[in-house]
Structure formats: C-alpha cells, structure tokens
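Peer 1: Before we start, here is the structure in question, set down as structure tokens.
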Amino acid sequence: MANTTRREIPARIVERERRKGQLSSVFIHLCLFVVAVIVIFPLLWVVGASFGPGGGLANTTPIPEDASFDNYVFLFTETGYGRWYLNSLYIATLNMVGGVALSALCGYVFARIRFRGRKVGMLAILVLQMFPSFLTAIAVYMLFLNFGLLDSLTGVALVGIAAALPYNTWLMKGYTDNLPASLDEAAAIDGAGRITIFRKIMLPLMRPMLAFVAVMQFTMPWMDFILPRLLLQSPSKQTVALGLFDMITDQYANEFTTFAAGAVFLAVPITVIFVIMQRYLVAGAMAGAEKG
Amino acid sequence: MSTTKTPSPRVPTPARAPREPGNTGSSGLPAPVPGIASALAWGAGQLINRQPGKASFFFAFYAAAITWEMVTGNYYAGMDFTPRANGGFFVKGLWGLVTLGDTPRQMTLTGLNEGDNSIVLLANGIIALLTLCLLAIIAIWGIRDAARYRARLAAGEAPERSADYFRRIWEGAFAYIALSPGLVLIVFMSVLPITFGVLVAFTDYNRDNLPPMNLVDWVGFDTFAQIFSVPSWSGTFFGVLTWTLVWAVLATATTYCAGFLLAVLLASKKVRFPRAWRTIFLLPWAVPALVSALVFRAMFNGQFGPISQFLVDIGLTDERVYWFTDPSNPNLARAVVLLVNLWLGFPFFMALVGGVLTNIPDSYYEAARIDGAGPLQQLRYITIPIVQRTCTPLLVLAFVAAFNNFGLVYFLTEGGPDNVDYRFAGSTDLLVTWLFKLTLDNRLYNIGAVMSIIVFFIVGTISVWNLKRSRAIREL
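These protein sequence lines map, in sequence, to chains A and B.
For the first sequence, the working numbering begins at 26 and goes up steadily by one.
For the second sequence, the working numbering begins at 1142 and goes up steadily by one.
Below is the structure:
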C-alpha cells in the first residue's frame, strides 16, 4: 500500500506540474509572439510602403492593396540611386580588400614576430582604437578642406580603412595568438620564408576571422554617414546612406515610398549576409571584447 | 683581451686621452667620442669606428634632410633670409607651426596679395614635425650605435663589418617592412588628423576667423575657458553631458536586460522552433541601423506618421503627438529614442547571452535541482553570475558605443526637439551629435575640437579602466 501511495503522489504532482508546464509554455510563446510582432511590424511596414502606391508618408500600409514595382522603377530612373549604389559599392569593396589585407598582415606580425617596438606598437594600437573614429573624421575634414582633397571616394575608403585598422589588427592578432605555433615552425624548418608561411599557412587558418573582418568592413560603408557627409559634396559622389537620409528629411515626406524602396534595396543584401553569418559575427564581436 | 685590436691610431686624435691604460689603438677611445661625433655629423662616429658602410648609410639621411631643406627653401637670400619667404620644408614648416602665419590677405596696389593660410601652415608644420621626429629616431639610432659599438670594441669584441651588420638587421626587419603600409596609412589618416584636431583646440579657428581671409592664432586654453565659464556654453555642455551619461547608462541597461530575458526564454526547453524565433529576433541587428533608424523616424513623424495616426484613431490621444519636435516635452523624445534603441540593440545581447547559456553545463542545473533549487533560484545563482562574468567587458564596450552613438540620435531626431536654453543643441543631442553640428553646421572648429578632446578623455578613461581589468594588457 505504501508503495502505491508513494507512486500516486508523484503522479498527481506530475499532472499538476504538466499543467503548470503547459501554462508557462503558453505564456512563453505569448511573450515571444509579442516581441516578434514588435520586431517585424516596422520592417513589414517599410517593405509594404515600398510596394505601395507612390507618394507621401500619410497613406502607407504594411500590406498595400495594389502592389507594384513603381517605386523601384522610379528610384532607378528618376533619382541618383543607381549612382549612389555604385559609389557605395566602390567604397565598400576597397574598404574590405584594404582592411582585410592590411589587418591580416599586421595582426600576423604582432602575433608571431618578436621585434623591437612591438609593445609600444600594440599600446599605440590600443590607444588609437579608443579614439572615436568620427573625431578623426572631423579633423580629416578640416585637413581635406584646406588642401582641396574633398570629394574623393578613394579618400573616404582610405580614411575608413585607417580608422578601423587598429581594431581589426587587434582582432587578427588575438585570433592568430590562438593558432598553434608548431605549424609555422615546421614550415620554417622546411625552409619557407616569412611571406610563404603567412600566405600558405596562416591565411587559410585565419579564415574565420578574415570572414568576420571582411563582412564588417564591407557592410560598414553602406551605413556610414559621418565620413561621407563630411568628405563628399558633389551630387554625383553621394553614397546610399547620404541619399536616403536626404530623402527622408525632406520637409513634407513626399518621397517616402521612394525612400522605402531604396531602404529595402539597401537592407536586403546586408540583412541576408548578417543572418547567414550570424554565428561568425557574434563570435567575432565577443573575441574583440575579450581581447580588449 | 685587446690583443687583436686594430693597431694604427689613424683616427682624428683630439679626444684621445693619454692616460689610457693597456689598450692600444683606436679601441682605446672612450665610447662617447664616436657618439658625440655622430651627433654633430651623422655617420661621423661610424667613420671613426671604421665602418664606412654604416657611416654612409647614416650620412645619407643627414644629407637628404639638408638637401631637401635647401631645395625647397631659398637660401640665396643671404641676409634677407626670413623663414616665411625663404624657409624650406622644415624651417618654414616649423615657423608656420609656431606663428600660424603673420601676413593676412590684403588688398594692395597690385591687387590681392598672397596672404598666409594658417591652417595649411599648421598642417604642413605637423608634417614637418613628424618627419623631424622620424629623422630624430634615425639620429639617435646612429649615435647609440656609434657609442655602443665602440664600447663593445673596448670590451674586446671582434669588429663587425657594416655589411654583416646590415644583414643581421635585415633578417629582423621583416616585421617593420610588413607593418610599414599600415603604419604609413595610420600616420597620415589617423595620427596626423588627431594631432591636427588637438592643436586646433588651442587656436581661434572658427567661422569668424576663416583662412585664407583671416589669420588664425594660438589662443592657449581660452576656448576651454570659454566653454566652462560662459554660462550659455557651460549650461549647454553640462546639460548635454548629463543626458549623454543618462542615455548611455539606460541604453546599455535596457538592451542588456531585454536581451538577457529573451535569451533565457529561448533557452527554455518548452519553446517550439527556437531557431526560427531566434532568426526573427536577430532581424533588428541584421538590418542596417541606418535604415531602421530612418524608418522609425518616419513612423514617429508627428504630422504624417502612422503611430500618431493610430493613437488618434483608437481615441487614445485627441490630436497628433509630435514625438520628436515638441519642445515642451523633451522627455517624450528621449523616451522614444531609448525605446527605438532597445529595438535595435537587444538582439546583439540576446545572441551573446544565448551563446553563453549553451556553454553552461547541464550538470550545474541538475545539481541545483537535486539540492531543491527552483527555476528562479537557478537563474539567480547559476545563470546570472556566469553570464555576468562573460558580459561585463562587453557591457563597458556597449556603454562606450552608446556614449558615441551618433547615428541613432542624428537619424531619428537630429538632436531635436529644439531647446532654447542650449547653444546649437537640442534636447536629445549627445555630445557627439552636438560636436558634429558645431563643426559642420556652425563651423565652430575650435569649440568642436575642444569637445573632441573632452569626449576622448571621458571615453579613454572608461576604456583604460576596462582594459586594465581584462587580460589583454597582460598579454602585451
């Protein structure tokens, strides 16, 4: 008898626990659902607006009745969007290639070679990395203004590379530190030079961090506002970020649907990249924080 | 052991001390002599040490610097020499750095004369100074090399040929060669502008004083004094600073708490399709912040925006709410900015905390359950401490990022609503957006530069403090 009661009590508790569990499960899903709605609504709204009938902000809906591509056609035929997009693409590509190449090389050197000035160099990197990049941007603006160097896309990319280089070098160095040194030692014994070791052995191993830096360097210029605003002036040299900002700050918000189309066209590729590479990107950001 | 030393004393002799004990020949020279010689004319010390290769290496820099100065300047002027008119790269550069020019552009009988552009002079001066620093390093290297080599000879070591020396150096030079492209870029795109920006803070370069029409002057700490003593400036500064700090604390805290909460919810085994939820919640992080901020700006548009419209439609408010432009209600704008920031910022922390949670071994929780801990206690005593430990440095970084979050505030509100008590700043302006407005819209470059320095000190202090706690500094 004692046995059965002992079994029955757990059974009743289990039943109660199960119902409690169901309740909390419903509650959790409700919470998640509410958050999901809050997250999705603005995005859905702007996508809807981009397909909606043209015009102002006032009559936009998340799900337009007569959807069309008119806004996209307008965007590429009547505004400078195509031009801006190419400008941004140019800056982003240069920024990515330059940033990855330089930071990989510098990171490798700092991680693997003991040379005089190494400590000073790394300390300098840490200090420079603390200096907010827009402060540099403002000084660069004053300099370029007086030397007549404004309005150069390459200049924007170069300043961008330099501004991110200390941080990226730090990331690359941290990553390379954790790679086994036995590999390059073995290669060195086999007679490989520094450059060969770097290209043939280290670069393939550094691939995850290269990918992280590449994505960051490529996506950053699309969203960067201060630097291009300061350094670019003529209408043909605008970037997507500048163009979109000007569209939306228009006093009467008349161009809102065009803006929406432009925003969607900009956001979709970047969003896809981020979602696909989320694991890399979060890990990379954490590595950066751990290292300083 | 100085038997193998070079016997012949063919060296310039004045410095030879006759009281040398046993040593014979040039090895008896005291070490400072070649050093001093090298200081006077680079490479001379190496020549005394009988290393012609090295000597010509150092002398090449010496000659190049002097030639460069001669060629860029005009040294035929003789007695009429002035740094402004005849100085070369270095002399005129330093002269410009010190004086910032002395001849304003003026109308003369022959038309406009060529005045000095103080800012160009300042920048050229910095470049000349940086070059001189580089040369100074080479000079010190030469002097030390001369003295040390002599000391080593005196100590009885075998002489080394210049070629061997350079081969030895070259093998160790890969690091420097590999670093040089990055270094050049950083010097010209970061160090030079930063130096320039810092120096501008000590000048009167602003819209009332624009070159080339006017000359800019050094004013010392006047601009700093102006910001802290003129009431309208100091009022704006401390008002903006207070809001920036409040904003940074709240923005970090809210995003972290929300991200933490969602991560814990998602980690629950009861959740169906956790990966689908996770991907949805990551969207605000994946969508470019610029786009989302501008979209929210449109949604919260007072006149046409859908949110105001919605509130009127359901009868919650009688008239449209001017979220960002109502000067009588600055805290409303601030609250909305914080909310939008929460939308943008929670996914990052959710992903982070989620990553930490998956790494906590299940055995911890099992042990706690056996000891009779409920879910809340498990959260309190296991989850929170572990997550906290990993995330603290990130929280500091997030605080700094929020402190400098130019994009969100500028894209959403452009600093508005207007604040009549502030100078060139609105109620939601952070230090950085104010700084941007001061520089770009109002051309108050010197005040902007002072603000930059202040921001750097605040951010730098926090970062250094954070760094000292992390292991990064120990790994240097």
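Heads up, the beta-carbon is just placed ideally off N, CA and C, and yes, glycines get one too.
Would you say A/Arg219 reaches chain B, if we count a Cβ-Cβ gap shorter than 8 angstroms as a contact?
Peer 2: It does; some Cβ of chain B falls within 8 angstroms.
Peer 1: Quick check: the Cα distance between B/Leu1262 and B/Lys1609, rounded to an integer number of angstroms?
Peer 2: Their Cα atoms are separated by approximately 39 angstroms.
Peer 1: So B/Pro1175 and B/Arg1291 are in contact, right, with Cβ under 8 angstroms, and what is the actual spacing, rounded?
Peer 2: The Cβ separation is near 5 angstroms, so the contact holds.
Peer 1: Could you tell me the distance, in whole angstroms, from the CA atom of B/Asn1164 to the CA atom of B/Arg1293?
Peer 2: Note on B/Asn1164: pLDDT 43, under 50, position unreliable in the model; the coordinate value appears next. If you take the alpha carbons of B/Asn1164 and B/Arg1293, they lie about 13 angstroms apart.
Peer 1: Contact check, A/Leu168 vs B/Val1596 under 8 angstroms by CB: the rounded distance?
Peer 2: 19 angstroms between Cβ atoms; not a contact.
Peer 1: Cβ of B/Thr1244 less than 8 angstroms from any chain A Cβ?
Peer 2: Not closer than 8 angstroms to any Cβ of chain A, the Cβ of B/Thr1244 fails to qualify, so no.
Peer 1: Cβ of B/Gly1361 less than 8 angstroms from any chain A Cβ?
Peer 2: No, B/Gly1361 lies away from the interface with chain A (no Cβ there is under 8 angstroms from its Cβ).
Peer 1: Flag A/Tyr106 as yes when its Cβ comes closer than 7 angstroms to any non-hydrogen atom of the ligand HEM, and as no otherwise.
Peer 2: In the structure shown, the ligand HEM is absent, as is every other ligand, since no ligand is present at all.
Peer 1: Nearest-angstrom Cα distance between A/Ile88 and B/Gly1567?
Peer 2: The straight-line gap from Cα to Cα measures roughly 36 angstroms.
Peer 1: What are the boundary residues of the alpha helix (DSSP H) that B/Arg1416 is part of?
Peer 2: Element bounds for B/Arg1416: Pro1415 to Ala1427.
Peer 1: Hey, quick one: how far does the alpha helix (DSSP H) through B/Gln1519 stretch, first residue to last?
Peer 2: Where B/Gln1519 is concerned, the enclosing alpha helix (DSSP H) stretches over Pro1516 to Gln1519.
Peer 1: Under a Cβ-count criterion, where at least 16 other Cβ atoms within 10 Å of its own Cβ denotes burial, should B/Asn1472 be classed as buried or exposed?
Peer 2: Exposed, since its Cβ has fewer than 16 Cβ neighbours within 10 Å.
Peer 1: On the criterion of 16 or more Cβ atoms from any shown chain inside 10 Å, does B/Cys1532 qualify as buried, or is it exposed?
Peer 2: Answer is buried; the Cβ neighbour count reaches 16.
Peer 1: State the start and end residues of the unbroken alpha helix (DSSP H) segment that holds B/Gln1450.
Peer 2: Note, B/Gln1450: alpha helix (DSSP H), Pro1447 to Asp1454.
Peer 1: Quick check: the Cα distance between A/Ala292 and B/Asp1243, rounded to an integer number of angstroms?
Peer 2: So the alpha carbons of these two residues sit roughly 52 angstroms apart.
Peer 1: What are the boundary residues of the alpha helix (DSSP H) that includes B/Asn1355?
Peer 2: Premise fails: B/Asn1355 is in no alpha helix (DSSP H) and is neither H nor E.
Peer 1: For B/Ser1437, which option in B/Val1477, B/Val1453 and B/Ile1421 has the closest C-alpha, if you only look at C-alpha atoms?
Peer 2: Checking the sequence, you will find Phe at residue 1437 of chain B rather than Ser. Selected option, being the one with the closest Cα: B/Val1477.
Peer 1: Using only alpha-carbon positions, find the residue among A/Asn203, A/Met147 and A/Leu178 that is nearest to A/Leu190.
Peer 2: It is A/Met147.
Peer 1: Looking at the secondary structure, which residues open and close the alpha helix (DSSP H) in which B/Tyr1216 lies?
Peer 2: B/Tyr1216 -> no alpha helix (DSSP H), and no H or E assigned at all.
Peer 1: CB-CB under 8 angstroms to A/Ala288, same chain, minus the five flanking residues each way: which ones, in chain order?
Peer 2: Cβ within range, chain order: Val71, Ser75 and Leu269.
Peer 1: Take B/Thr1145 and list the residues in its own chain whose beta-carbon comes closer than 6 angstroms to its own, dropping the five residues that flank it on each side.
Peer 2: Reliability of the predicted coordinates at B/Thr1145 is poor, the pLDDT of 42 falling under 50, and no value is obtained from them.
Peer 1: Does the Cβ of B/Asp1570 have 16 or more other Cβ atoms within 10 Å, making it buried, or fewer, making it exposed?
Peer 2: Classification for B/Asp1570: buried.
Peer 1: Within its chain, find whatever has a CB closer than 7 angstroms to the CB of A/Ala188; leave out the 5 residues flanking it on each side and keep chain order.
Peer 2: Counting only Cβ-Cβ distances below 7 angstroms, and skipping sequence neighbours, we find Ser158 and Thr161.
Peer 1: Counting C-beta neighbours from all protein chains within 10 Å, is the total for B/Asp1286 16 or more, i.e. buried, or is it exposed?
Peer 2: It is buried - the Cβ of B/Asp1286 has at least 16 other Cβ atoms within 10 Å.
Peer 1: Could you have a look at B/Leu1585 and say whether DSSP puts it in helix, strand or coil?
Peer 2: Coil at B/Leu1585, not helix or strand.
Peer 1: The region 1425-1457 of chain B: which residues have C-beta closer than 9 angstroms to a C-beta of chain A, in chain order?
Peer 2: Under the 9 angstroms Cβ criterion, the region 1425-1457 of chain B contributes Pro1425, Trp1426, Ala1427, Val1428, Pro1429, Ala1430, Leu1431, Val1432, Ser1433, Leu1435, Val1436, Phe1437, Arg1438, Ala1439, Met1440, Asn1442, Gln1444, Phe1445, Gly1446, Pro1447 and Gln1450.
Peer 1: If I follow the unbroken alpha helix (DSSP H) through B/Val1341, where does it start and stop?
Peer 2: That run of the alpha helix (DSSP H) goes Leu1333 to Val1341.
Peer 1: Is B/Leu1253 helix, strand or coil by DSSP?
Peer 2: Correct three-state label for B/Leu1253: strand.
Peer 1: Could I get the ranges of all uninterrupted alpha helix (DSSP H) runs contained in the region 134-210 of chain A, with 4 residues as the minimum, in chain order?
Peer 2: As far as the region 134-210 of chain A is concerned, its whole alpha helix (DSSP H) runs of at least 4 residues are 143-155, 158-172 and 178-202.
Peer 1: Starting from B/Gly1234 and walking both ways along the alpha helix (DSSP H), at which residues does that stretch end?
Peer 2: Per DSSP, B/Gly1234 belongs to the alpha helix (DSSP H) from Phe1230 to Thr1240.
Peer 1: Got a sec: is the Cβ-Cβ distance from B/Pro1372 to anything in chain A below 8 angstroms?
Peer 2: It does not; no Cβ of chain A falls within 8 angstroms.
Peer 1: Out of B/Pro1322, B/Asp1349 and B/Ala1226, point me to the one whose CA is closest to B/Asn1583's CA.
Peer 2: The shortest C-alpha separation from B/Asn1583 is found at B/Asp1349.
Peer 1: Out of A/Gly173, A/Ala164, A/Leu178 and A/Lys225, state which residue places its alpha-carbon closest to the alpha-carbon of B/Leu1333.
Peer 2: That would be A/Ala164, whose Cα lies nearest to the Cα of B/Leu1333.
Peer 1: Say whether the region 1489-1501 of chain B touches the region 304-314 of chain A, bearing in mind that this needs 3 or more beta-carbon pairs closer than 8 angstroms, one atom from each stretch.
Peer 2: At 8 angstroms Cβ cutoff, the stretches touch.
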